[in-house]
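Counting with this note's numbering, you get residues -11 to 734 for the letters of the sequence shown.
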Amino acid sequence: MDATLEQMVDPTLAEMGKNLNEAMRMLEDSQRKEEENVKKYARKDIPGPLQGSGQDMVSILQLVQNLMHGEEEEESSQAYRLQNVGEQGHMALLGHSLAAYISVLDKERLRKLTTRILSDTTLWLCRLFRYENGSAYYHEDDREGLLKICRLVIHTCYEDYTVEGFNVLCAKQPVIYISSAARTGLGQALCNQLGLPLSCMCHVPCNTMFGSQHQMDVALLDRLIKDDVECGKLPLLLVANAGTPGAGHTDKLGRLKELCEQYKMWLHVEGVNLATLALGYVSSSVLAATKCDSMTLTLGSWLGLPAVPAVTLYRHEDPSLSQRLLENLKNLDFIKTSVEDELSSPVVVFKFFQKHLNRDQTPHAAQTSAIQHRVISNEGHIYDAFNQWLGEQLAQLVPASGIDVVELEDEGTCVRFSPLMTSAVLGTEIQDVDQLVDCLKMKIPVLTSTLQLREEFEQEVRRTVGLLYIEDLSWPGLGIVRYNYHSDGKNDDNQEKELEKINTELLKKLNELESDLTFSLGPEFGGQKNCIYIGMVTEDLDVSELVETIAATGREIEENSRLLENMTEVVRKGIQEAQLQLQKANEERLLEEGLLRQIPVVGSVLNWFSPFQASPKGRTFNLTAGSLESTESTYVSKAQGTGTTPPPTPTSSLTKQRHSGQKIFKKGLRNSDAFNETSSVGHCDDLEKLAQRPATLSPGQEQRPLETLKTELPKEVLQATNKDTEDIQSSKSPNDCTNIEQGNQR
């Protein structure tokens, strides 16, 4: 356990777990030291006002242990032993410590976390105790659940109670019915907390003539209700028992439910026999409790877990929110609802579902049939992914609705709206429900069109050379595609890096296009590497144009990448040749000018008396041809020539004229003059400019030919050629530099 705690990311949680383990060991170790503690510690050892620097945690826990066991050990000779707390008990205590730690989170994170925990635990408990579509209320005192139910029923039956208060109760006095076999003092405690007189509490006797002597007399209860109605009172709520506190008998819950429906009363059930609802076989008398309006479960006492709260499960009609949403959902196509009782359930569960996917008939019959068969077999996973996306979108667009996503065993992934669990925190109102319906209407066409075009997209990708279709049923979108890099004998590592580079650049270029599509690298965890994930689409998407653009852009990036590699080699060889020709030119100038003109003082005097006229001999490097050329024509014409016309830069065949504001990948654009426009890729523009503007080496620049090229070449080319240039320059002799400087001065 300690090793596991050390591996936790959060140091506070790890320290909390260690302290809890230490505390439990100290509190449970009383039997080993009971003989010492009997004489050593007594009530007089309880510390008074704190003095000095206080006490450490170990001492405090020791004092707490003595308080729990000291007096009993002094009064009785028998050893007192604390109840053994097993692993489940440790988890319960750790849960309380964790709750205290979570309470310091900021408000927004705390709201999200508590909403998720409440939603999941409510779903588990309702499934476990056969109480479908219920809401949960957790409370420390087992009577608080019934108290909350009473307040809920009062607010429901008295519409003006919030404004008028006790005045509306005086006009029509409420009546709460409980069994005479119920817990002692339960009726009085309810009246005190609700502020009602004891006359509002009616104790129903148990059977005395026939049947069980611990079951509520249903016939007598019927007469009592009739009498109260005739007196102008309002029967409000009935508290029944599934296991009385004394004998453990269960009331006739089925008949009581019918009676409550007749008089429009609320039926609440409590008792230890409710625990049997979690078993495989349940008696019919207890199984009838699943039809009641609410029930209180005391899980802590049933399972022997310390400090575990009780929970009250209840159903409540909410026509202003849930029924309003349910009525709108019934009018929407492709939406399937899953509600057990539409009239009383406050929970609305729905999902996106299309009975039959459209199958397009294409000439590729065999391939299409195989794809269709696979799509049909995987429809369940596809719908789960789509409904997960739908739930997340609705929760983001309408946060006040409290929408969440649930996993149901038979239905799969569904979207759930449960206002009773979230409205108190989020403040859900009628307009939020209307906004939720509007957002749902906006998302349904996107879901249907994406679902229909997934198959066509897969077929187009599989028919296109250079593209690979990646199947991922958990991706809620059009599909996943990868551009395949054409291997040229490289090892696997270099090929993988090149593939990642091309697909990354491809994703960048696709996002630069003016389209309504979303291109991404996929989910953060569990996604495929080096892939392009395409999100939801609309029905006017031209799938063939989209696939063609992806393939053309990928080929363009690959060609430019190879062109850049080839150009780097050409430039490297050109620079080496330029250095050799410059050295040769320097040697020829030395022979032509003579040795005397190279001496600093003598050369200056000689040049003053007899100037030396030398014709300029510059060089230019033609990037298109990859060769050095003379600059004599430039000095004669006084203008720099453009040289040969460079070859056209490879660009996408889909780059056509398009009007401003028009989105690409639309079906209507193919029938007009407006086509999609793909942006230029890589360094194509830079290469064209360099080919049209050759770098000229004038006579005054012979000593730094590389500096001239640095202003023209791309960054990648310079990085590749820097090393060769440094090696060549380091091989030049100091005399060459001196001679060149003197020539420039002349």
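For glycine and all other residues, C-beta sits at the position ideal for the given N, C-alpha and C.
Gly400 sits in a strand when the DSSP states are folded into three classes.
Each of Phe117, Gly83 and Gly122 was checked against the Cα of Met409, and the nearest Cα belongs to Gly122. Per DSSP, Met253 lies in no alpha helix (DSSP H) and is assigned neither H nor E. Annotation for Met189: the continuous beta strand (DSSP E) segment containing it runs Met189 to Val192. Spanning the alpha carbons of Leu501 and Ile652 requires a straight line of approximately 8 Å.
With a cutoff of 8 Å on beta-carbon distance, Asn261 and Gly236 are scored as near each other.
By the neighbour-count definition (other C-beta atoms within 10 Å, threshold 16), Pro407 is a buried residue. Taking 8 Å as the cut-off, the beta carbon of Leu456 is found closer than this to the beta carbon of Arg470. In summary, Leu568 is exposed, with fewer than 16 beta-carbon neighbours lying within 10 Å of its beta-carbon over all protein chains present. Around the C-beta of Trp290, fewer than 16 other C-beta atoms lie within 10 Å, and the residue is accordingly described as exposed. Where Leu111 is concerned, the enclosing alpha helix (DSSP H) starts and stops at Lys95 to Leu116. Taking the Cα positions, Leu414 is about 47 Å away from Thr541. Taking 8 Å as the cut-off, the beta carbon of Ile164 is found closer than this to the beta carbon of Leu225. Of the candidates Val270, Leu178 and Glu536, Leu178 places its Cα closest to the Cα of Cys138. Of the residues assessed, Gln203 falls on the buried side of the cut-off, its CB having 16 or more other CB atoms within 10 angstroms. Annotation: the continuous beta strand (DSSP E) that includes Thr325 extends over Ile323 to Thr325. If the five residues before and after Glu486 are omitted, its C-beta is found closer than 6 Å to the C-beta atoms of Tyr473, all from its own chain and listed in chain order. In the displayed model, Glu132 falls within a helix according to three-state DSSP. Around the beta-carbon of Phe405, 16 or more other beta-carbon atoms lie within 10 Å, marking it buried.
Spanning the alpha carbons of Glu10 and Val257 requires a straight line of approximately 41 Å. Secondary structure in the stretch 140 to 176: the beta strand (DSSP E) runs of 3 residues or longer, each lying completely within the stretch, are 162 to 167 in chain order. The bridge partners DSSP lists for His127 are Ala298. Taking the Cα of Leu435 as reference, the smallest distance to any Cα among Thr232, Asp372, Ala573 and Gly242 is reached at Asp372. The beta-bridge partner set that DSSP reports for Thr238 consists of Ala230. Around the CB of Val217, fewer than 16 other CB atoms lie within 10 Å, so the residue is classed as exposed. Residue pairing of Asp215 in beta bridges, as defined by DSSP: absent, with no partner found. Asn7 and Glu147 have their alpha carbons spaced roughly 51 Å apart. According to the DSSP assignment, Thr438 belongs to the alpha helix (DSSP H) that extends over Ile418 to Arg451. Nearest to Ile563 by C-alpha distance, out of Thr608, Glu128 and Val270, is Thr608. Leu111 places its beta carbon less than 8 Å from that of Val394. DSSP, read as helix, strand or coil, puts Ile90 in helix. As summarised for the stretch 486 to 526, the continuous beta strand (DSSP E) elements at least 3 residues long and confined to that stretch are 520 to 522, given in chain order.
Straight-line measurement puts the Cα of Ile166 at about 20 Å from the Cα of Leu275. Ile538 counts as buried, since no fewer than 16 other beta carbons sit within 10 angstroms of its beta carbon. Looking at the DSSP output, Lys339 bridges to Lys324. When only Cα atoms are considered, Gln176 and Met283 end up about 20 Å apart.
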